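Scroll down for the structure; my scribbles are underneath it.
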Amino acid sequence: MHPASAQPARTGRRRGAELEAALLDAAWDELVERGYAALTFDAVARRAGTSRPVVNRRWAAKDALVRDAVARASDRFSLADPETGSLREDTIALMEQLNGAFVAFAAVMTAQLAAFFDETGTSPAELREYVVGARWALIESVVHRAVERGEADGSKLTPRVVSLPYDLLRHEVLMNMKPMSPAAVREVVDTLFMPLVT
1 MHPASAQPAR TGRRRGAELE AALLDAAWDE LVERGYAALT FDAVARRAGT SRPVVNRRWA
61 AKDALVRDAV ARASDRFSLA DPETGSLRED TIALMEQLNG AFVAFAAVMT AQLAAFFDET
121 GTSPAELREY VVGARWALIE SVVHRAVERG EADGSKLTPR VVSLPYDLLR HEVLMNMKPM
181 SPAAVREVVD TLFMPLVT
């Protein structure tokens with residue numbers, strides 16, 4: 001028999017949102033450290049300090065767990081609405097906020113999730129669509145305010161044009177594995193985006 005001091009101290013049973021957050025954080029950590037192919041429900045449960053059946057009750061398949069873990073990790077990088085009164089300044093501010101988030105996700109998206117994309121047939125664009133909803137709504141709000149101020153031509157604001165600065169930011173971060181420079185952010189906004197929308 002082991003002495004009581006050898007047993008880990010239990011602080012109480014986690015439930016609901018607290019338990020789900022712990023499981024998703026554990027899944028994210030496993031994904032970052034081991035990659036999708038090596039991630040198991042047992043390892044996630046162990047890291048979260050619970051049992052595999054607890055994980056299985058919430059997610060029937062590994063891909064669903066990983067998708068939700070990526071979404072939760074993405075939520076750590078929430079965007080604040082800059083509301084500067086200028087489309088140019090709002091776009092620069094949003095790109096600067098996203099710059100750090102893209103760097104944090106670049107390595108995981110390219111290396112650790114390769115097996116996820118292969119196994120599920122999901123594309124990086126589909127996973128991105130799953131996690132960016134609130135951010136996209138904010139970006140659309142910024143450009144719609146610019147149209148209301150007469151600063152941008154609404155007929156030119158196609159989804160591809162609106163997403164252009166952010167797509168270029170993501171591409172540069174993925175290709176260089178480091179943030180886009182402030183000068184490059186301004187160049188994208190001033191020489192590409194603004195001329196397209198005004």
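If you read the sequence shown in full-length UniProt numbering, its first letter stands for residue 1, the second for the next number, and so on.
Think of the CB as a built atom: it goes at the ideal place given N, C-alpha and C, for glycine as much as any other residue.
As the structure is a prediction and not an experimental result, all values here were calculated from the model.
Buried versus exposed call for residue i [16 or more other C-beta atoms within 10 Å across all chains shown]
| i | result |
| --- | --- |
| Thr91 | buried |
| Glu129 | exposed |
| Lys62 | buried |
| Arg135 | buried |
| Glu172 | buried |
| Met109 | buried |
| Ser74 | buried |
| Ala111 | exposed |
| Asn99 | buried |
| Arg57 | exposed |
| Ala45 | buried |
| Ala152 | buried |
| Arg10 | Note that Arg10 has pLDDT 44, beneath the 50 cutoff, so the model's placement of it is unreliable and no number is given. |
| Glu83 | exposed |
| His2 | For His2, the pLDDT reaches just 40, beneath the cut-off of 50, and the residue's location in the model is therefore unreliable, leaving the point undetermined. |
For residue j and residue i, the rounded distance between their alpha carbons
| i | j | result |
| --- | --- | --- |
| Ala183 | Ala101 | 18 Å |
| Phe193 | Leu164 | 7 Å |
| Leu94 | Ile139 | 8 Å |
| Ala22 | Pro179 | 29 Å |
| Asp170 | Pro195 | The question names Asp, but residue 170 in the sequence shown is Arg. Spanning the two alpha carbons is a distance of roughly 20 Å. |
| Val131 | Ala115 | 19 Å |
| Ala37 | Ala80 | 35 Å |
| Ala48 | Leu113 | 21 Å |
| Leu168 | Glu33 | 28 Å |
| Phe166 | Met175 | The sequence shown places Tyr at residue 166, rather than the Phe named in the question. When rounded, the distance between both Cα atoms is 14 Å. |
| Trp59 | Gly133 | 22 Å |
| Glu18 | Ser123 | 30 Å |
| Arg186 | Ala71 | 28 Å |
| Glu20 | Phe77 | 19 Å |
| Arg52 | Phe41 | 6 Å |
| Glu119 | Leu39 | 13 Å |
| Arg14 | Leu24 | 13 Å |
| Phe117 | Gln97 | 27 Å |
Integer-rounded CB distance, given that residue j should sit under 8 Å from residue i
| i | j | result |
| --- | --- | --- |
| Val197 | Val142 | Their Cβ separation, rounded to whole angstroms, is 11 Å, which puts Val197 and Val142 out of contact at 8 Å. |
- Message: Is it the case that the segment 14-31 contacts the segment 62-75, given that we only count it when at least three CB pairs across the two stretches are under 8 Å?
- Response: yes
- Message: With three or more beta-carbon pairs closer than 8 Å as the criterion, would you say the segment 146-163 touches the segment 98-113?
- Response: no
- Cβ contact (3+ pairs, closer than 8 Å) linking the segment 81-95 and the segment 143-152: yes
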